[in-house]
Amino acid sequence: MERSSWCGPRTFTPLTNVHESSCMNQTSQNDSSPTEASTPVSVQMGTKALLCCPRISGTKPIVLITWKITLRGQPPCLISYNVETNEIGEVNCTDRRITWAFTPDQSPDLQINKVALGHEGNYSCQTASPEGHFQKRHDLQVLVPPAVSLFPGEKRAAVCEAIAGKPAAQISWTPDGYHVTKNESHSNGTVTVRSTYHGEHSNVSAVFCFVSHPTGNQTLSTELNKGDDKALRSYIPYIVSSAIFVLIVAGCICLLKICGFRKCKWTRPEASPVVEEDEMQPYASYAEKNNPLYDTVTKVEACPALQGEVNGTDWLALSATEI
């Protein structure tokens, strides 16, 4: 690979959470030893990491620079630069976020852009010169800030959570009291810490949760539920259920009363005196129907208004005429 395929010099902002934020200002006295030196490096996920090669104080120039990257579950990646031929070689390197910090002829240091959990592993820089081989190893650890939350629980309790942090966060309470803390490990190496503060047997009205983590500390506060209000809320479902039951029973009673009244009203027997007279006195009915005197009396009874209008004399005359 030709040199022209690489970018030119560019500025680089050192990270405060990387142990070796600047490789150019390091002393070369310890790095000139051919024995392997291991340096732990912690970098927050999503930031940049700068990994340094050993500085040689000898008079002979460096001939070859090689980075050996060993990540978990992947074959080793080799990135090399031959100073004499100005050639760059790569073997089993597929992650484009791992590059030279500058051009390799200016700086042998390595840079990782947007560090992820998959970048955890061993990074070893080897330099070769006529005076010998020198090596420096970095054990890279990725820090994941947890998502912190605090909310009230049941029976005057408070729950503080530090979700999916790496390493596990530390949780403490103020004022100090009885609390239970549990850790839950995840497959990607992160840990969720959940701490429950129990204040049902104390007069504490508010608590503070302190979350300590290498990526930063956080403090949250919440008020504890009052015992009386909590007890009242626990009885609300029973009160509502009882009221609904009473309404249902009252409705059923009213419905039964309405149905019973209608049944009594419509099933009352009807009298039929005319039919009974016709059946029991057939002869009397026949006589009345064929008697002219009966017809006259019947007509007079059927017209009460007319009867009221005639006086006594007219009534006698009317009766004589009919006879």
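Taking numbering that gives the first Met the number 0, the leading residue of the sequence shown gets 0, the next gets one more, and so forth. All residues carry an ideal CB built from backbone N, CA and C; glycine is no exception. On a predicted model such as this, the values are computed, not experimentally measured, just so you know.
Closest in C-alpha terms to Gln125, from the list Arg95, Ser240, Ser220 and Ile64, comes Ile64. In the DSSP assignment, Phe209 is bridged to Ser171 and Thr218. Between Ser37 and Asp138 a beta carbon distance of about 6 Å is seen, short of the 8 Å cut, so the two are scored as contacting.
The beta carbon of Gln169 sits closer than 6 Å to the beta carbons of Ser211 from its chain, once the five residues preceding and following it are set aside; these are given in chain order.
Counted as a single uninterrupted DSSP element, the beta strand (DSSP E) harbouring Phe150 occupies residues Ala146 to Pro151. Boundaries of the beta strand (DSSP E) around Val190: Val190 to His197.
For Glu83, there is no enclosing beta strand (DSSP E), as DSSP marks it with neither H nor E. The beta strand (DSSP E) runs of length 3 or more contained entirely in the region 36-61 are, from start to end of the chain, 36-43 and 48-50. Cβ contact annotation for Ile111 (same chain, cutoff 7 Å, sequence separation greater than five): Lys47, Ala48, Arg96, Ile97 and His118, in chain order. DSSP places His118 in the helix class (H, G or I) of the three-state scheme. Distance from Ala167 to Val190 at the Cβ level is roughly 4 Å; contact confirmed, criterion being Cβ atoms closer than 8 Å. Check the Cα spacing between Asp175 and each of Gly152, Gly259, Asn202 and Pro151: the tightest is with Asn202. Closest by C-alpha distance to Tyr80, out of Pro60, Asp94, Pro107 and Asn216, is Pro107. A direct Cα-Cα distance of roughly 17 Å separates Val245 from Lys256. Beta-carbon to beta-carbon, Gly188 and Leu109 are separated by about 22 Å, too far to satisfy the 8 Å threshold.
When secondary structure is reduced to three states using DSSP, Cys124 falls in the strand class. Buried is the label assigned to Gly164, since at least 16 other Cβ atoms lie within 10 Å of its Cβ. Leu223 sits in coil when the DSSP states are folded into three classes, being neither helix nor strand. According to DSSP, Leu254 shares a beta bridge with no other residue. Taking the C-beta atoms as reference points, Val90 is found no nearer than 7 Å to Ile61.
For Thr98, the uninterrupted beta strand (DSSP E) segment begins and ends at Ile97 to Trp99. Comparing C-alpha distances from His178 to each of Val158, Leu219 and His185 shows the shortest one belongs to Val158. One Cα belongs to His185, the other to Thr195, and the distance between them is close to 20 Å.
Ser201 sits in coil when the DSSP states are folded into three classes, being neither helix nor strand. At the C-beta level, Cys92 and Leu149 stay beyond 7 Å of one another. Here the alpha carbon of Pro145 sits roughly 58 Å from the alpha carbon of Cys251. For the set Ala161, Glu222 and His200, the Cα lying nearest the Cα of Lys181 is the one of Ala161.
In the DSSP assignment, Thr180 is bridged to Ser194. Comparing C-alpha distances from Trp66 to each of Gly72, Val40, Ile55 and Gly88 shows the shortest one belongs to Gly88. Gly259 carries a helical assignment under DSSP once its states are collapsed to helix, strand and coil.
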